[in-house]
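Some notes on the structure that comes next.
Protein chains in written order, with the working numbering: chain A, 15 to 120; chain B, 240 to 1076.
Quick look at the structure:
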């Protein structure tokens, strides 16, 4: 499967997991974990930066800065698209920047 | 030899690119941080660093007074920009120079070109053009050639279609992210010339995104949720809808792009109304709706073309084609309206986002540089100073090479630092970029790390002009996670025992390889190889062993097992159902095995530590029995070949095995003594003895047999003309070297059976082979079968079937005859674990 198709699949899996949220559904969670393991096998690393601190040095994120953000202490408040890296023998390379909304934690 | 310029830059109003031409091809460089080809033409001045491109764009809404975009249109004017964060003024030339220097960083080959071609709009006059050259010099280039954008785009098209590409007069319609330009070009005296041009500095793709919001989404939401002045509230920086504005604008851009390829697209988002209630919204937008809101803007851009043509006293019929440039020309309505309204054919054969830089690179590849000294390539890592006689900067670095945290502290001390210098640290995968920061005698940075991998960072130093400073700067390598004080490699393979249902023996499948570094994790899904009936004594065995994966399972050390007995089941476990397994080894070599069976929704989990062992008694009995039968088989073969010495060793082994069997009979299933461990150890030693005795001779024989069969199979394959099977065969061959010299006899037998099976797959479709096989069975004496009456009937049917020459029919008769055969020669087999291999 071409890398482009895997990227789209990775985004869909991320969205699915996000929708599942805190719903306790171990059966569904297990399937989602298997899908992520498959991504791993395909050489795609999926990272969810939710809640992580944000600095502008993070070129793996495309940030929309909410204007309510005060000085200092920016965090990722919402993730629209996850960060994807391609795993190769030579190392990792960024495939897709995470699209996020950052601001101060209320 | 004269050098050609080769490098070209499209310095756009919204986005810029850099490419290299020459040698008949063009390559566009990607941004190493983020891997994109386009660099947004935006510069942001933060308190402690300068950001360029995507990162700078993030601050447009938040800190607009320190962010600068669209400064291209101010080139050649005396307007300057005040930067509150630094308290200084910047000119458009300085801002453009920053962009140009950033683009130079995209060149991963290590070259630092002295000459470059930079494109300019057709509307630029002399002053504006000179300003662009100045920017080039400020960025460190020694020679700057200018090329008009519509000409560059036309060159890209011409090179694609060959010399006869563009004829007569044509239009270049350039609709980019934020600007619109249209130019009329023709060839005069063998040269491309811009005859006339028109444009609008405030019309581009971003307007379409906003139209989707203001004409479709916002009215829908405002009505459904009864929110007054929703758009104003969304755009206002202190309103609760501001976050929504970003989300929807981003999604509107995605929708716009999707609608170019599909007739409808869906936008999904959560909407929180003024009462605080959140609803999931799914809005479907059709292409027709989208086209409805952008139609008027496009029509007015076409009106520009009409006045352009009128001015030049031309009718559309005199124009050969309209060449499309700029990302927004992907939109089908743009192409359709252009063709419809003007009647001029549209040419979209080149990627509109890269057409300008491509054409400029072609041009650069054909123009010689007028610089005297040819620039030599530098390899990445070491860099050449802009002032040759300057002493190199000395850098000493301090940081931890291994880390368990997700960031590490990095410090460096620099000698011979010049005033006004800058530095930058980038992570090699593109996920971190410190930005351009002022350089002093000490550098301190916190470097973020990706988990469980090697993180490589590059440090670069620049002088006040932005040129690289000479210094020895080795890569900064930090390993996160994996290595620890206890970290040891695994001394042996850890394997799972699986069934080979064709040979009716078991073999090993590797879970974790020898020398892998702990801790490790792996998941796999297996399939049940036979039905386990509820209430029966049968068991599904998940048996984990330590030792070479090519050995026989009986010779390896059992680490632990999970046994799921029929007695524990509420329903039958059907052959073919999935078993999800996951294995984990900790640093202290504890192995956790988890098995989940979706069919009965049950999970089983066991942790095996290296200090305790478990021996499955019923399995031990099966193994001892299997070994005895195998040893007997070997013994007979040895004696037949008069190998009496080795025969004697085997006879001793067989006696030892019988002794073990006797002891096993007197151990109950709940025995708490160490006896079963002792017996297991003994069994393994005997298995190894049998293996080594049998190995020598049998191995040679088996290997010969294997190669013979492989050759036969290869011939079959050649005659059968099946490329897929041939490919699988080659794959098999490629792995052969790994095991052919060290494999156990059991493994070799398995491989031989594999080739037999593959050959059978081909032969069973061949009528001649099947006919021959039938006659072999049909000619066996009646006494060889268990039901003679049925055999007679089968033979009659079979003879008839031969006349019809139906392969499948004859095969079914052969299968039935085989089932009835009494002696199937199956003595050397062992009960499987239940996991299909």
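Idealized CB from N, CA, C, for every residue including glycine.
Among the residues facing chain A, residue 482 (chain B) is included, as its CB has a counterpart in that chain under 9 Å away.
Annotation: the continuous alpha helix (DSSP H) that includes residue 336 (chain B) extends over 331-343. Bounds of the beta strand (DSSP E) holding residue 734 (chain B) are 733-739. Burial check for residue 883 (chain B): the Cβ neighbour count within 10 Å stays below 16, so the residue is exposed. Residue 694 (chain B) sits in a strand when the DSSP states are folded into three classes. Minimum Cα-Cα distance from residue 49 (chain A) among the listed residues B:880, B:317, B:570, B:819 corresponds to B:819. The Cβ atoms of residue 699 (chain B) and residue 677 (chain B) lie no closer than 9 Å to each other.
Going by beta carbons, residue 842 (chain B) and residue 835 (chain B) fall inside the 9 Å limit. DSSP places residue 687 (chain B) in the uninterrupted beta strand (DSSP E) bounded by 681-687. Ranking B:635, B:897, B:514, B:334 by CA distance to the CA of residue 713 (chain B) puts B:635 first. Contact between residue 796 (chain B) and residue 755 (chain B) fails: their C-beta atoms lie close to 17 Å from each other, not under 8 Å. Taking the beta carbon of residue 32 (chain A) as reference, no residue of chain B falls within 7 Å; the closest one sits roughly 11 Å away. For the pair residue 504 (chain B) and residue 491 (chain B), the Cα-to-Cα distance works out to about 10 Å. Taking C-beta separations shorter than 7 Å and ignoring five residues to either side along the sequence, the partners of residue 571 (chain B) in its chain run 499, following chain order.
Here DSSP, grouped into helix, strand and coil, assigns residue 271 (chain B) to coil. DSSP, reduced to helix, strand and coil, places residue 408 (chain B) within a strand of the structure shown. The beta-carbon distance between residue 567 (chain B) and residue 447 (chain B), rounded to whole angstroms, is 7 Å. This is short enough to meet the 8 Å contact definition.
In this structure, residue 684 (chain B) sits away from residue 654 (chain B), with a CB-CB distance that is not shorter than 9 Å. Counting along the chain, residue 432 (chain B) sits inside the beta strand (DSSP E) bounded by residues 430-439. Contact annotation: residue 596 (chain B) and residue 374 (chain B) have beta-carbon atoms that are not nearer than 9 Å. Residue 706 (chain B) and residue 378 (chain B) have their alpha carbons spaced roughly 8 Å apart.
One finds 78, 80, 115 in chain A with Cβ atoms closer than 8 Å to the Cβ of residue 485 (chain B), taken in chain order. Around the CB of residue 601 (chain B), 16 or more other CB atoms lie within 10 Å, so the residue is classed as buried.
Pairing residue 362 (chain B) with residue 94 (chain A), the inter-Cα distance amounts to about 40 Å. Close partners of residue 72 (chain A) in chain B (Cβ separation under 9 Å): 294, 670, 671, 672, 687. In this structure, the CA atom of residue 735 (chain B) is about 21 Å from the CA atom of residue 915 (chain B). When 7 Å is used as the limit between beta carbons, residue 912 (chain B) is near no residue of chain A, the shortest such separation being about 40 Å.
Taking 9 Å as the CB threshold, residue 971 (chain B) stays off the interface with chain A. Checking the DSSP bridge columns, you'll see residue 61 (chain A) partnered with A:97. For the C-beta of residue 297 (chain B), the chain A residues within less than 8 Å are, from N- to C-terminus, 70, 76, 77, 78, 79. Of the residues assessed, residue 586 (chain B) falls on the buried side of the cut-off, its CB having 16 or more other CB atoms within 10 angstroms.
Residue 505 (chain B): member of the beta strand (DSSP E) spanning 503-511, first to last residue.
Looking at the DSSP output, residue 817 (chain B) sits in a beta bridge with B:766. Taking the Cβ atoms as the reference, residue 466 (chain B) lies roughly 7 Å from residue 512 (chain B), within the contact range of under 8 Å.
Counting along the chain, residue 53 (chain A) sits inside the alpha helix (DSSP H) bounded by residues 40-55. Shortest Cα-Cα distance from residue 951 (chain B) to any of B:974, B:832, B:690, B:1002 involves B:1002.
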